[in-house]
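Beneath this line is the structure, given in structure tokens, with notes to follow.
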Amino acid sequence: MSKLTIGFIINGQKKTIETTTSTRLLDLIRDDLHLTGTKEGCGKGECGACTVIMNGELVASCLILATQSDGAVITTIEGIGDNECLDPVQEAFIETGAVQCGFCTPGMILAAKKMLEENPHPDEEEIKRGISGNLCRCTGYQKIIDAIKLAANRLSSKNGGRSEKDD
Amino acid sequence: MTERYVGRNVYKVDAQDKVMGKAKYPDDIYFDNMLYLKIKRATHPHAHLRRIDISKAVKLPGVVKIITADDIPQVKNFGLIIKDQPVLVGIGQKMRYMGDALAIVIAETKEIASKAVRLIEVEVEELEVISDPLRAMEKDAPLIHKDGNILATHYLEKGDIKKGFAEANVIVENEYRTTFLDQVPLQVEAGVGIYDEESGFIKLWVASQWLHDTQADVAQSLGFPKEKIRIIQPVIGGAFGKKEDISVHIHLALAAIATKRPVKLTYTREESMIAQSKRHPFIIRVKTGATKEGYLTAWQAEVIGDTGAYASSGPAVVHKGMYHCTGPYNVDNVKGVAYTVYTNNTYAGAMRGFGTTQMAFAYESQMDILAHKLGIDPAQFRLQNAYNIGSSTPNGQILTHSVGVKETIKKAAEIAGWKGGLR
Amino acid sequence: MEEFPQGLQNSKDFSGGDSKKCQRTVPCQGYFAPQRIEEALEILSRYGKEIKIIAGGTDLLVQYYDRLYEINNWLDLKNIKELKEVKINKNQMIIGAMVTHTQLESSEDIKTYYPVLSQAAADIGSPQIRNRGTIGGNIVNASPAGDLLSPLMAYDAQFKLQSNQREMIVPAEEFFIGPKKTILQPNQLLTRIILPLPEEKTYGCWIKIGKRKALAIATIILALVVKMAEDNKTVKDVRTCLGSVAPTPIEIKEVRKKMAGKNFNQLDFAELGQIVEDKISPIDDIRGTREYRKDVAKEIMINALEEIDSARRERNY
Amino acid sequence: MKKQGRGIATIMFGFGYGEGFPDHAIASAEIEEGGKILIRTAAADVGQGVLTIITQIAAEVLKVKPEAIRIIPGDTHLTKNSGSSSATRQTFFTGNAVKEASEGLLSNIYHYASIEFRSNHVELGIKDGYIFRNDNPKNKLSYWELAERVKERGDSLKAEASFFPRTDIPDPKTGQGKKVYVAYTFVTQVIEVEVDTDTGIVEVLNVYTAADIGKAINPKNVEGQIEGGTVQGIGMALMEEQVIKEGITLNPDLTSYLIPTSMDTPHFATLLVENEDSEGPFGAKGIGEPATIATTPAIANAIYDAIGVRIYHLPITPEKILKALKEENKRGNKEGF
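Residue numbers (the numbering used here), protein chains in the order written: chain W, 1 to 167; chain A, 1 to 423; chain G, 1 to 317; chain V, 1 to 337.
Take a look at the structure:
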């Protein structure tokens with residue numbers, strides 16, 4: 001294990017921080033930056049609770065070394081929406097009852113957001129595939145799927161787009 | 001009267017914090033100057049601990065302290081119903097499953113604590129491992145706890161079972177088996193503890209399905225007055241029965257007392273699965289009789305529940321399963337016996353349904369088999385046997401109100417487009 | 001009321017980073033992220049067994065979960081751009097070892113020429129895993145259940161291995177020698193995957209059986225690739241490659257003999273399925289029993305042949 | 001070949017600890033400064049939504065918006081015992097305790113307001129956190145203004161209540177008792193599956209649920225419980241098994257212990273049977289555990305309906321299905337006894 005200094009942009013803020021070669025990006029985000037909205041559910045890339053967006057890609061931060069994030073641009077749940085103005089995906093999660101214990105929620109919201117960016121009009125199967133890397137033990141996924149549909153509808157009507165696909 | 005808020009889809013009061021990632025779960029709590037714990041666990045599922053050598057581990061830079069059973073002679077066993085679970089297994093004592101704790105490592109970082117755990121050397125004298133409850137029940141099986149491997153036996157008897165089977169035109173008899181399940185709450189066991197030397201208070205931030213019960217168990221184990229143990233509930237992160245038992249609590253308290261610094265312990269998923277409670281595997285032997293018109297006359301059930309190495313809520317789980325053996329159907333003659341059995345498997349406790357989930361697999365399979373044998377539509381067969389006001393449960397409890405079971409059969413069949421012609 | 005200790009307030013302040021420029025690490029003690037293959041090979045030759053190569057990390061960090069400290073030196077390939085390219089060179093497709101599963105899945109060229117590989121990539125893990133996991137990592141990790149390995153064998157892939165002394169090209173079949181074991185030497189880097197461009201009438205079928213629909217490690221994998229003659233009826237050649245049924249991905253060569261030169265219409269699918277069943281000797285493990293794997297191998301072989309048959313017939317119209 | 005089938009299962013669940021075990025919940029309601037009403041309870045919100053349920057109950061009884069209700073997190077030193085979030089008991093037990101505490105607080109509001117307004121209770125009206133004389137609604141006092149006046153009298157505006165229903169210890173020889181559980185929840189599910197007879201893989205297509213829950217305090221919450229419970233039941237039926245051999249767990253991670261993903265989730269249709277005749281708050285009963293119980297047998301029965309073989313050992317894995325089908329082919333009969 002060696003110590004070294006890395007730099008990256010997280011939620012729009014530049015950071016320079018000392019880390020070690022045995023630190024995971026997840027540890028850096030939680031233990032050093034205390035951005036605890038990013039969760040550890042399994043540590044092996046199976047549950048998706050540690051999901052963040054790095055360089056525009058949805059990734060599991062438990063499977064990335066902190067050093068690998070050197071020079072990266074990272075968004076965590078704390079970088080989405082704020083108290084005054086929640087992201088439409090966050091709003092939809094509240095309204096449809098997609099939140100139970102809430103532990104999967106941050107990762108799930110990031111996965112949903114990323115999917116809607118790439119595919120603004122997903123059908124039900126595409127939604128299921130888009131969040132297939134995020135396990136939820138409480139909801140049975142149905143209300144989460146409903147939330148993503150609702151958000152997709154709102155985002156597309158806001159953007160003057162077409163309405164939701166039938167599934 | 002119309003209600004304004006009851007019966008409405010009011011948004012969850014805690015949802016906004018959760019969607020923003022602001023909700024603080026046990027693992028999200030940090031203090032300055034905080035230490036991290038890791039637990040050295042059993043090296044064999046059934047063995048006497050002969051020697052534990054922490055000398056190499058203690059020398060690792062960054063290790064603050066390692067607690068073994070020798071350091072805490074005053075600490076007592078814990079457990080939800082029976083206090084049969086040791087806080088740490090001592091020399092000469094037995095480890096009874098792979099989750100038993102042998103030592104608490106306290107270090108400046110998680111990484112150092114993990115390294116140190118691997119440097120602890122353990123010598124054991126191996127005993128026969130009992131993984132099968134049927135083996136555990138045999139006369140010559142070695143005892144896992146001194147009072148015998150059958151921890152509890154419960155009985156059920158209503159009406160006259162012989163008469164019931166005599167009245168039956170059709171009898172079906174089967175054995176059903178279920179397996180160990182993990183509740184898999186996404187937040188694993190985790191928490192932070194602080195000891196305030198001046199006031200003698202221990203403060204724990206640990207999720208619990210029952211705060212005050214957990215407080216009482218921690219207090220009796222440590223020999224502290226209850227009011228000196230304060231437990232504060234973080235946002236929980238799922239439970240499904242898994243957070244009824246003690247997990248990190250007592251270890252955190254001991255480490256906080258020993259170091260006078262804030263301490264944190266978070267299980268790995270692997271540790272959570274091996275060390276913390278499971279759904280009981282059941283062996284269910286069941287015999288059911290019905291008349292050719294399709295009315296139940298007799299129901300007999302034998303249940304063997306593998307509760308693993310410690311009792312947890314096992315005795316309650318296994319017999320609650322048996323108490324539900326007939327499902328929501330009128331049966332005048334019922335007989336049952338339920339055994340809660342120790343093994344060297346991970347201990348089993350509460351999980352959604354508390355024994356009745358396993359039992360429903362058996363009784364609803366039996367109902368289906370009977371319906372097919374009798375040539376009656378399965379929904380109709382259930383409907384004609386289902387409870388009414390005035391029905392009696394296997395416990396002989398007379399239902400006086402709120403018995404909507406028939407309505408549920410009719411409605412479910414209706415929305416599913418069930419073509420059976422329910423009467 | 002007792003307040004929770006808050007995150008940032010109680011902790012060290014990191015705002016100091018704002019004033020500085022976002023710094024990039026230069027190769028330094030313990031972690032190297034070179035930009036050129038040559039540099040990487042140079043580092044490799046210096047450290048040999050004392051360095052771990054990391055590509056996507058999706059297998060490595062699982063393997064070393066909770067004991068990452070055991071690795072003293074890392075060689076990260078993330079900055080080597082030429083390893084991230086998919087390109088056609090004459091009659092070959094060259095895939096860089098750092099190409100991710102997402103890239104494979106979304107590449108139109110891969111979809112056109114190697115649909116079995118494209119589908120295999122799409123079926124891996126989850127979006128998060130596909131975004132990070134690489135073809136090179138999948139190959140070098142050499143899991144018997146590795147999703148891309150059977151398709152690569154089925155398309156006659158070759159691997160380019162480089163050290164700072166020499167480079168060599170080996171067929172996929174010779175690369176894998178056991179579960180998680182390959183011929184790769186500590187000073188070698190897998191840099192490229194080379195696939196011959198398939199002939200026009202080549203058909204493929206990909207079947208992965210897992211215990212659930214996503215995030216599943218395969219119980220059994222079948223990659224079947226059939227080359228037809230000009231008449232679109234006569235079988236020219238065939239590759240029947242399976243995963244999760246042996247210590248390495250394997251090809252059932254007996255199928256070649258049975259099918260080559262035959263008219264597809266006259267093939268006995270059940271017989272071919274039976275050959276596959278007979279020629280594999282899988283083990284019992286947590287993902288499936290030996291018996292199950294053998295039974296299913298037969299059925300999915302039949303299903304795959306049926307699928308290829310209907311694709312072939314479709315092309316006739 | 002793919003074959004479809006449909007199965008039904010009906011279940012009961014006696015909730016609360018029952019069996020004579022002391023089972024109670026304590027809650028309090030008080031007017032606090034800053035325009036809120038504080039509810040204290042130690043009930044654990046594991047995600048099921050009990051804090052939302054008691055907010056709705058308190059808001060309903062006290063005739064204020066839910067936003068006016070504040071609940072502090074559970075704390076052994078600031079909240080009293082509410083029993084566990086288990087046994088499907090919180091809506092019924094803590095729900096009743098909060099309802100009674102809120103009613104107690106409302107009574108006190110009437111009591112002190114009748115002193116302030118020199119009137120009796122029937123002449124008083126309440127709306128949106130204000131109390132007034134019906135003959136002069138403009139002359140009104142907010143709960144918080146009233147609390148100030150009560151404070152001046154050296155008293156405070158709060159109430160505490162507990163809910164502690166009796167159950168009986170069953171006879172140890174026979175398990176018989178008069179009231180063993182406080183009440184029962186009933187659920188019926190009809191589930192449609194598709195079985196691939198080549199691979200043994202089962203897909204759960206549609207789940208139809210009717211649940212007798214007395215009254216849904218929050219229908220969406222109830223649906224969420226049923227959907228989540230059902231998907232856990234799918235896991236139990238088809239894929240979940242912690243394999244422990246000779247005391248050693250062979251699959252202690254989420255790579256090899258599989259729980260359902262979003263791709264494994266079926267379509268749902270849910271209907272709530274609300275007779276409102278339970279002793280729970282507003283006639284409600286619990287749903288937490290009953291939500292998962294019917295699923296496994298309904299799937300087992302649906303698989304039988306699809307392929308004519310029955311699996312007696314969970315989970316019903318593809319290999320068990322193929323093996324049973326093979327044996328069935330050899331035997332050529334049904335049900336196997």
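Backbone N, C-alpha and C define an ideal beta-carbon position, used for all residues, glycine too.
Length of the line joining the Cα atoms of residue i and residue j
i: G:K181; j: G:I169; result: 18 Å
i: A:L102; j: W:S61; result: 32 Å
i: V:K151; j: V:M263; result: 58 Å
i: V:L254; j: A:A275; result: 15 Å
i: A:S391; j: A:N333; result: 13 Å
i: V:E289; j: W:L25; result: 37 Å
i: A:K278; j: W:E84; result: 43 Å
i: A:F435; j: V:V222; result: The structure shown does not extend to residue 435 of chain A, since chain A is modelled only from 1 to 423, so the question has no answer here.
i: G:K21; j: W:T76; result: Any answer about G:K21 is weak, because its pLDDT of 35 lies below 50 and its placement is not dependable; what the coordinates show is given next. Going by the C-alpha atoms only, they are around 21 Å apart.
i: W:I94; j: V:P73; result: 20 Å
i: V:I191; j: V:I131; result: 52 Å
i: A:S402; j: A:K410; result: 16 Å
i: V:F117; j: V:G125; result: 11 Å
i: A:A298; j: A:A379; result: 20 Å
i: G:I51; j: G:G243; result: 29 Å
Residue i (DSSP reduced to helix, strand or coil)
i: V:R40; result: strand
i: G:L104; result: helix
i: W:E164; result: Residue placement at W:E164 cannot be trusted, given a pLDDT of 42 that sits under 50; what the coordinates show is reported in the next sentence. Correct three-state label for W:E164: coil.
i: A:R50; result: strand
i: G:L41; result: helix
i: A:N385; result: helix
i: A:D213; result: helix
i: A:F78; result: strand
i: G:M301; result: helix
Where residue i meets chain G, residues with beta-carbon distance less than 8 Å
i: W:G48; result: S126 and Q128
i: V:E346; result: Absent from the model: residue 346 of chain V. The displayed extent of chain V is 1 to 337, so no value can be given.
Contact set between residue i and chain V, taken where Cβ atoms lie within less than 9 Å
i: W:L135; result: L254, I259, P260, T261 and S262
i: W:R129; result: S262 and M263
CB of residue i within 8 Å of CB of residue j, strictly
i: W:R129; j: V:I259; result: no
i: W:T64; j: G:G57; result: Sequence check: residue 64 of chain W is Ile here, not Thr. Yes.
i: W:G37; j: W:E78; result: yes
i: G:V276; j: G:I250; result: no
i: A:K110; j: A:L60; result: no
i: G:Q119; j: G:L195; result: no
i: W:G48; j: W:N134; result: yes
i: V:N108; j: V:A159; result: yes
Partner residues on chain V for residue i, Cβ-Cβ distance less than 7 Å
i: A:G396; result: Q176 and G177
Neighbour list for residue i in chain W, Cβ cutoff strictly below 8 Å
i: A:M351; result: Ordered by position in chain W, no residue passes the 8 Å Cβ test against A:M351, which lies about 12 Å from the chain.
Amino acids of chain A, ordered along the chain, whose beta-carbon sits closer than 7 Å to that of residue i
i: G:D66; result: S114 and T268
Under 7 Å by beta carbon: chain G residues contacting residue i
i: A:E111; result: Y69
Within chain W, the residues that residue i reaches when beta carbons sit closer than 7 Å
i: A:L5; result: Before going further, note that residue 5 of chain A is Tyr rather than Leu in the sequence given. Under the 7 Å cutoff, chain W gives no residues; its nearest Cβ is about 16 Å from A:Y5.
Contacts that residue i makes with chain V (C-beta to C-beta distance below 8 Å)
i: A:E157; result: K173, T174, G175 and Q176
i: G:L224; result: Near G:L224 there are no residues of chain V at all, since even the closest Cβ is about 15 Å away, more than 8 Å.
* **At least three beta-carbon pairs within less than 8 Å, the segment 197 to 207 of chain G to the segment 126 to 140 of chain G** => no
* To do: Evaluate the contact criterion for the segment 174 to 193 of chain V versus the segment 205 to 218 of chain V: three or more CB pairs, one atom per stretch, below 8 Å.
  => yes
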